[in-house]
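In the numbering used here, the protein residues as written are 198 to 279.
The following block contains the structure:
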């Protein structure tokens with residue numbers, strides 16, 4: 198990785214100022230700081246993620262299906278067998 202001296206850092210800072218403007222630099226710095234903080238927090242936590250679905254009372258009640266009677270069906274196309 199190249200070593201950045203004071204002159205190179207000043208040039209990079211000036212280019213960033215031209216692109217984003219002086220008014221948005223605090224917002225960009227704050228967002229970058231939050232991102233770095235969240236990354237470090239995420240890397241340091243050893244929490245296991247629970248991916249088992251939660252079963253609710255509505256999921257336990259299964260409606261009964263009647264297979265003996267069909268009222269809403271209609272024949273669309275008749276397929277002939279050879």
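Here a beta-carbon is modelled for each residue, glycine too, at the ideal position from N, C-alpha and C. The structure presented is a predicted model; accordingly, all values stated were derived computationally and were not measured.
Check                                                                                      : Outcome
Collapsed DSSP secondary structure at residue 219 in the structure displayed               : coil
For residue 217 and residue 225, believed in contact at Cβ under 8 Å, the rounded distance : 6 Å
Residue 231 to residue 214 span [Cα, whole Å]                                              : 21 Å
Straight-line gap, residue 222 to residue 201 (C-alpha atoms, nearest Å)                   : 21 Å
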